[in-house]
Amino acid sequence: LPTELLKHIMSYLEDEDIYRCSGTCRLWYHVANWELKTRNSIPVYRWPEKLPSNYNSLTAVGLKSICEVVNNCEGIEQIRLESDGTKILPETVLTLLLKKNVDCLKKLDFLCWEIEELHIALILTYTYGLLLNIKLHKFEDITKNSLLLLIDNRELLNGFLIECIEFDEAIICYPDTRTCEEILLPDIKSMKIFCPGVNSFKMDSVVNLTNLTIKQASKLTGRTLKELSDLKSLKHFHIEDLNLVEILSTQLANILKSGFKQLYSLGMINCKQVDDSVIESISLKNNLRQLNIDLRQVQHPNICLNSLSFLNQLINLKLLLIYNDIQLKKAVNKRNWPKLKTISVLYYYPCADLPLSE
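Spelled out as structure tokens, the structure:
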């Protein structure tokens with residue numbers, strides 16, 4: 038292809054596609070870097086080409102390219118390590134990269150590598166406040182122990198995103214409670230978000246999201262909830278720890294009444310705004326098949342249970358109740374929901390946060 042025509046074609050591609058096609062030949066490689074430079078995006082490096090003169094931010098594709106960067110570059114602030122077929126990045130290479138850039142590395146991306154526990158341990162050992170992005174072909178490419186180690190030590194990171202290409206799923210975490218960030222949500226089918234340091238989401242490109250779980254949502258604003266409720270694709274929504282004082286119960290009730298039109302399942306746990314009016318709004322959602330609801334904050338749990346009995350399509354029900362009301366226990370009756378297959382109740386003692394399952 039003529040160079041000008043190739044430049045014109047690449048101008049329509051996303052950055053990810055440009056990185057991918059940069060390995061076609063030398064011409065494509067240089068045109069790709071020209072286009073990335075025009076966009077102020079991260080340049081790409083493929084061995085045996087010459088290293089870019091400015092390598093503060095860099096995408097290195099393939100093990101040989103990564104080794105070349107590790108041996109010749111210092112002061113890297115942001116780097117993407119992309120596999121070209123090699124499954125596992127050697128721990129010695131990662132260790133040297135982290136050691137040489139320990140004081141300056143702010144963002145590290147792994148693309149299509151298999152992630153082992155030692156990789157995560159090295160990152161947690163040699164960095165602090167790092168933004169870590171991991172893109173996998175499938176979730177089996179990261180070991181269970183690696184994932185648990187990352188989640189258990191999330192406070193050592195500025196944030197992390199783990200994305201699975203095959204199943205279009207992601208786990209996102211921004212753990213720093215001192216921040217109030219707005220984060221860009223990727224257009225992914227299913228997401229689980231830990232967000233004590235986040236108050237809003239940027240959702241301009243989100244059109245395929247069907248399953249969303251938000252945990253530690255202590256700073257999430259009412260405006261963000263309203264925007265989430267307007268997503269036409271969302272069918273499964275679960276939220277925990279919603280307790281921002283600026284969100285009133287009436288506001289949450291109105292959001293539930295006017296939005297979340299396509300929900301099949303809803304979960305609300307430890308949300309201080311859940312009261313009788315919120316339960317009444319939930320009871321109007323005739324499409325609900327699954328409900329996981331915390332009733333410990335409501336003033337009239339019997340009335341709330343009566344309202345929920347109008348959900349005649351409900352198949353699975355989980356309740357959290359205070360273990361001090363015999364009449365309330367009797368009111369939880371499977372016969373109230375004609376299609377119900379399973380019901381699970383978790384009781385809490387009112388004097389202590391000690392669960393007692395039933």
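In the numbering used here, each residue carries its 1-based index in the sequence shown increased by 37. Built from N, CA and C at the ideal position, the CB exists for glycine as well.
Practice task
Give every residue of the same chain whose Cβ lies closer than 7 Å to the Cβ of Ser242, excluding the five residues on either side of it in the sequence, and list them in chain order.
Solution key: Start at 1 with the first residue of the sequence shown, and residue 242 comes out as number 205. Result list for Ser242: Asp224, in chain order.
Exercise for the section: Taking only runs that begin and end inside the stretch 67-141, name each unbroken beta strand (DSSP E) of 3 or more residues, in chain order. Expected result: 94-98, 115-119
Handout entry: Counted within 10 angstroms of its Cβ, other Cβ atoms place Thr85 as buried (16 or more) or exposed
Key = Counting from one through the sequence shown, the residue named residue 85 turns up at place 48. The amino acid occupying residue 85 in the given sequence is Pro; Thr does not appear at that position. It is exposed - the Cβ of Pro85 has fewer than 16 other Cβ atoms within 10 Å.
Exercise for the section: May I ask you to verify whether the stretch 248-257 touches the stretch 285-300, counting CB pairs closer than 8 Å and requiring at least 3? Expected result: no
Handout entry: Given Gln310 as reference, the closest of Arg326, Leu300, Gln334 once Cα atoms are compared
Key = Locating residue 310 in the sequence shown gives position 273, where the first residue counts as 1. That would be Gln334, whose Cα lies nearest to the Cα of Gln310.
Practice task
Evaluate the contact criterion for the stretch 102-116 versus the stretch 68-78: three or more CB pairs, one atom per stretch, below 8 Å.
Solution key: Contact fails: fewer than three Cβ-Cβ distances are below 8 Å.
Handout entry: Supposed close pair Glu153, Ile125 - CB separation, criterion 8 Å
Key = Within the sequence shown, residue 153 is the residue found at index 116, counting from 1. Within the sequence shown, residue 125 is the residue found at index 88, counting from 1. With a Cβ gap of about 7 Å, Glu153 and Ile125 count as contacting.
Problem - Spatial neighbours of Leu131 in its chain, beta-carbon cut-off 7 Å, leaving aside the 5 residues before and after - result: Sequence index remark: in the sequence shown, residue 131 carries index 94 (1-based). His156, Leu159, listed in sequence order.
Practice task
Helix, strand or coil for Lys309, going by three-state DSSP, please let me know.
Solution key: If you number the sequence shown from 1, residue 309 lands on position 272. Three-state result, Lys309: coil.
Problem - Residue from Ile46, Asp312, His337, Glu200 whose Cα sits closest to the Cα of Met228 - result: Here residue 228 refers to the residue found at position 191 when the sequence shown is read from its first residue. The candidate whose alpha carbon is nearest that of Met228 is Glu200.
Handout entry: C-beta atoms of Asn138 and Glu111 nearer than 8 Å
Key = As a working mapping, residue 138 is identified with position 101 in the sequence shown. As a working mapping, residue 111 is identified with position 74 in the sequence shown. Contact flag set, yes.
Exercise for the section: Have a look at Lys298, Leu168, Asn339, Asn70 and flag the residue whose alpha-carbon is nearest the alpha-carbon of Leu358. Expected result: The residue labelled residue 358 in the question sits at position 321 within the sequence shown. Of the candidates Lys298, Leu168, Asn339, Asn70, the one whose C-alpha sits nearest the C-alpha of Leu358 is Asn339.
Handout entry: Gly196: first and last residue of the uninterrupted beta strand (DSSP E) it sits in
Key = By one-based count along the sequence shown, residue 196 stands at place 159. Counting along the chain, the beta strand (DSSP E) containing Gly196 begins and ends at 194-201.
Handout entry: N- and C-terminal bounds of the alpha helix (DSSP H) containing Asn291
Key = Numbered from 1 along the sequence shown, position 254 holds the residue referred to as residue 291. Asn291 -> alpha helix (DSSP H) spans 286-295.
Exercise for the section: On a CA-only basis, which of Asn248, Ser183, Pro212 is nearest Ile276? Give me that one, please. Expected result: Taking the sequence shown and counting its residues from 1, the one referred to as residue 276 is at position 239. Comparing Cα positions, the closest option is Asn248.
Handout entry: Backbone CA spacing between Leu73 and Glu203 [nearest angstrom]
Key = Counting from one through the sequence shown, the residue named residue 73 turns up at place 36. Counting from one through the sequence shown, the residue named residue 203 turns up at place 166. So the alpha carbons of these two residues sit roughly 27 Å apart.
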